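One structure is given below, encoded as structure tokens.
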Amino acid sequence: MYWLRGGFVFTRVVSPFHRLDPRIKLLVSLEFFLTSLITKTVPEVLAVLLAILGVAALAKSLKRIARTMAFSGLFALFIFAVNFLFGIGLLNAVVYSVRFLAIISSTSIFFVTTSPDELEQIMTWMHVPRDVVFAFVTAVRFIPVVMLDALQIMDAQKSRGLEFERGNVVKRVRNMVPIMIPLVVNSVIRSGELAEAMESRAYGSTPKPTSLYKMNLRWYDAAVAAAGLAVLAAVALYIYHYVHFGA
Amino acid sequence: MKALDGVTLSIGGGETVAIVGENGAGKTTLVRHTNGLLKPTSGSVKVDGVETRSTTTATLSRKIGIAFQNPDHQLFSDSVENEVRFAMRNFRFPEERIAERLEWALSFFGLEQYRKSSPLVLSGGEKKRLTLASILAWDPDVVVLDEPTVGQDSLQKAKLAQIFSLLRSTGKTIVIVSHDVEFLWPLQPRLVVMSGGKVVADGEMAKTMADRGLLEGARVTQPQLLRLYAGLRDAPASPFVDVSQARDWASGKKSGRRGG
Numbered sequence: 086m087y088w089l090r091g092g093f094v095f096t097r098v099v100s101p102f103h104r105l106d107p108r109i110k111l112l113v114s115l116e117f118f119l120t121s122l123i124t125k126t127v128p129e130v131l132a133v134l135l136a137i138l139g140v141a142a143l144a145k146s147l148k149r150i151a152r153t154m155a156f157s158g159l160f161a162l163f164i165f166a167v168n169f170l171f172g173i174g175l176l177n178a179v180v181y182s183v184r185f186l187a188i189i190s191s192t193s194i195f196f197v198t199t200s201p202d203e204l205e206q207i208m209t210w211m212h213v214p215r216d217v218v219f220a221f222v223t224a225v226r227f228i229p230v231v232m233l234d235a236l237q238i239m240d241a242q243k244s245r246g247l248e249f250e251r252g253n254v255v256k257r258v259r260n261m262v263p264i265m266i267p268l269v270v271n272s273v274i275r276s277g278e279l280a281e282a283m284e285s286r287a288y289g290s291t292p293k294p295t296s297l298y299k300m301n302l303r304w305y306d307a308a309v310a311a312a313g314l315a316v317l318a319a320v321a322l323y324i325y326h327y328v329h330f331g332a
Numbered sequence: 005m006k007a008l009d010g011v012t013l014s015i016g017g018g019e020t021v022a023i024v025g026e027n028g029a030g031k032t033t034l035v036r037h038t039n040g041l042l043k044p045t046s047g048s049v050k051v052d053g054v055e056t057r058s059t060t061t062a063t064l065s066r067k068i069g070i071a072f073q074n075p076d077h078q079l080f081s082d083s084v085e086n087e088v089r090f091a092m093r094n095f096r097f098p099e100e101r102i103a104e105r106l107e108w109a110l111s112f113f114g115l116e117q118y119r120k121s122s123p124l125v126l127s128g129g130e131k132k133r134l135t136l137a138s139i140l141a142w143d144p145d146v147v148v149l150d151e152p153t154v155g156q157d158s159l160q161k162a163k164l165a166q167i168f169s170l171l172r173s174t175g176k177t178i179v180i181v182s183h184d185v186e187f188l189w190p191l192q193p194r195l196v197v198m199s200g201g202k203v204v205a206d207g208e209m210a211k212t213m214a215d216r217g218l219l220e221g222a223r224v225t226q227p228q229l230l231r232l233y234a235g236l237r238d239a240p241a242s243p244f245v246d247v248s249q250a251r252d253w254a255s256g257k258k259s260g261r262r263g264g
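Each protein sequence line maps, in turn, to chains A and B.
Sequence positions in the first sequence follow our numbering and run 86 to 332.
Sequence positions in the second sequence follow our numbering and run 5 to 264.
This is the structure in structure tokens:
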């Protein structure tokens, strides 16, 4: 639960990274994502991961990203085990599992530092239809509420003797049914109520609504974007050179 | 920030205790400690002499049944019957005992006609009764009810009050967390008033509710019958517990005046 709550939900923090234009945060996150995909050796992919952690430190979110990584570590171990057992080789298995951690962390750093309002601005800037933007941003806003619901449902079922950690894998999956059904039902009820409340407040009556906030690129946004693109280009050139001409 | 601070409370078997206080006073946090959903970071919580830290929620829940405020946070089964059976199966009751307790619970809460219905299609009051039925079915020694009257109409509240009276007569320990002083007043439970994570008063309801300064500090209102009693010139020795007592007193006065 913490993995989702801590790793993908925005927290208001004063940091140089938080102050960046949301488009630049998205660009940085995408750069890390792409870099982790194109790197091929253990030191390279580890360097990407360390760079992400560096940015997380700059964003004063290192602890949260580190926790996200710790929880993702279980999946990374699974990826490692599957790849290793299927004979892909030890080093390649390590690359795949570390790459998974880098991908999760690069995504996490964007969501942790970008508020729902900023998400809305980015999507509007990308000309995503308004209703889709609204649905997406509302879903993001409701993550903490759904998390709270999930915790309360878990408490209610634990109080009725349900032990989540008991039994084999199949039993543990079945133990999630008493959590998932009330959670889904509550979410559906809540979305219906929200839709009615929005319509009652004239949602959709303005064909082209204006926004109070505008995104503005400042000099340091441009500097970060240029630096990020330069690093991505350098990494791409290095990989190209490595693949075509050998080390 | 401490959610609970310096709370010392002991509840004996068969007692009926109401915990009142403003939002954020720590009432729900306190009751979540009773079955080990929350463990104290300092101090201790003991149930039948056993530290909650040293046992599991499932073990404690066998003795302490908590009915949470929102029934939608627990109902998930395909039928009312299965909803009631759920906890008993978790506690590994034999099937014959489950069948016996199921019949008792459905009949006690007037839910027999819905036994095959989905719990999700029941009304708010029926859902609330079903959550209580699903808890009392396993016959816990202690029943904890978090805001049982929220979202209930006056008829449902009267039904709940009847249920509590019946439970009291069976010797169950009942803990009610509520803002609804009007509902609590006729039950006359032991009253625990909480404010800022602390227990600020603990005693008989009639006496505690008479302390207006205390209630104002804890942002709790006096019940209407007590306010009426306090405003009377030649009031009886003790406050009216329900409307019928006040009515009887008023008619006695009226006939006394006629006679005089």
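Every residue gets a Cβ at the ideal spot worked out from N, C-alpha and C, and that includes glycine.
The structure presented is a predicted model; accordingly, all values stated were derived computationally and were not measured.
With a cut-off of 8 Å on the beta carbons, I'd call residue i and residue j a contact; round off their distance for me.
i: B/Leu134; j: B/Leu126; result: 6 Å
i: A/Pro263; j: B/Phe80; result: 5 Å
i: B/Asn94; j: A/Gly246; result: 3 Å
i: A/Leu268; j: A/Val231; result: 7 Å
i: A/Gly313; j: A/Val113; result: 5 Å
i: A/Leu134; j: A/Ala178; result: The Cβ separation is near 16 Å, so there is no contact.
i: B/Gly201; j: B/Leu42; result: That belief does not hold up - the Cβ atoms of B/Gly201 and B/Leu42 are roughly 13 Å apart, past 8 Å.
i: A/Asn271; j: A/Asp234; result: 6 Å
For residue i, which residues in the same chain have their Cβ closer than 8 Å to its Cβ, ignoring the five residues on either side in sequence?
i: B/Thr225; result: Val185 and Leu219
i: B/Asp239; result: Just to set this straight, residue 239 of chain B is Ala in the shown sequence, not Asp. These residues qualify, in order along the chain: Tyr233.
i: B/Gly207; result: Arg194 and Leu195
i: A/Ile123; result: Val320, Ala321 and Ile324
i: B/Val35; result: Ile23, Ile70, Val148, Asp150, Val179 and Val181
i: B/Glu85; result: Leu106, Leu110, Arg119 and Lys120
Any idea which residues DSSP pairs residue i with across the strands?
i: B/Gly69; result: B/Val147
i: B/Asp206; result: B/Val196
i: B/Ala22; result: B/Ile180 and B/Leu195
i: B/Lys50; result: B/Glu55
Which residues in chain B have a C-beta closer than 9 Å to the C-beta of residue i? List them in chain order.
i: A/Pro263; result: Gln78, Phe80, Ser81 and Phe90
i: A/Glu248; result: Thr60, Thr61, Ala62 and Asn94
i: A/Val338; result: Coverage of chain A is limited to positions 86 through 332, which leaves residue 338 of chain A absent and any answer about it impossible.
Identify, in the order they occur along the chain, each residue of the same chain with its Cβ nearer than 7 Å to the Cβ of residue i, setting aside the five sequence neighbours on each side.
i: B/Arg1; result: As shown, chain B starts at 5 and ends at 264. That puts residue 1 of chain B outside it, with no answer to give.
i: A/Leu105; result: Asp306 and Val309
i: B/Glu87; result: Leu79, Ser81, Pro123, Leu134 and Ser138
i: B/Met92; result: Ile102, Arg105, Ala141 and Trp142
i: B/Ile68; result: Thr38, Asn39, Val51, Pro144, Val146 and Val148
i: B/Pro44; result: His37
In whole angstroms, what is the alpha-carbon distance linking residue i and residue j?
i: A/Leu204; j: A/Val225; result: 9 Å
i: B/Val181; j: B/Glu130; result: 20 Å
i: B/Arg105; j: A/Arg184; result: 55 Å
i: B/Val49; j: B/Glu55; result: 6 Å
i: B/Pro190; j: B/Ala214; result: 15 Å
i: B/Gln78; j: B/Ala254; result: 46 Å
i: A/Thr96; j: A/Phe195; result: 11 Å
i: A/Tyr87; j: A/Ala319; result: Only weak support exists for where A/Tyr87 lies, its pLDDT of 49 falling under 50; the coordinates are left without a value.
i: A/Ala321; j: A/Gln242; result: 51 Å
i: B/Thr12; j: B/Val203; result: 8 Å
i: A/Ile137; j: A/His212; result: 29 Å
i: A/Ser200; j: A/Gln237; result: 25 Å
i: A/Ala315; j: A/Pro107; result: 19 Å
i: B/Asp246; j: B/Leu230; result: 10 Å
i: A/Asp202; j: B/Thr212; result: 49 Å
i: B/Thr63; j: B/Leu188; result: 30 Å
i: B/Gly217; j: B/Ala205; result: 12 Å
i: B/Thr174; j: B/Thr59; result: 28 Å
Mind pulling the chain B residues with CB within less than 8 Å of residue i?
i: A/Ile238; result: His77 and Gln78
i: A/Asn253; result: Near A/Asn253 there are no residues of chain B at all, since even the closest Cβ is about 17 Å away, more than 8 Å.
Keeping to the same chain, check which residues put their C-beta closer than 6 Å to that of residue i; ignore five residues upstream and five downstream.
i: A/Tyr181; result: Ile164 and Asn168
i: B/Thr20; result: Arg172, Ile178 and Pro193
i: A/Leu147; result: Ala141
i: A/Asp216; result: none
i: B/Leu149; result: Ala71 and Ile180
i: B/Gln160; result: Gly129
Show which residues of chain A have a CB atom less than 7 Å away from the CB atom of residue i.
i: B/Ile70; result: Ser244
i: B/Asn39; result: Ser244
Below 7 Å on C-beta distance, what does residue i contact in chain B?
i: A/Ile266; result: Phe80
i: A/Ala241; result: Phe72, His77 and Gln78
Starting from the beta carbon of residue i, find every residue of chain A whose beta carbon is closer than 9 Å, and list them in chain order.
i: B/Ser138; result: Arg245
i: B/Arg66; result: Gly246
Anything in chain A within Cβ reach of residue i, meaning under 8 Å, just list it in chain order.
i: B/Arg36; result: Asp240
Shorter than 9 Å from the beta carbon of residue i to some beta carbon of chain D?
i: B/Trp253; result: In summary, chain D is missing from the structure at hand, where the protein chains are A and B.
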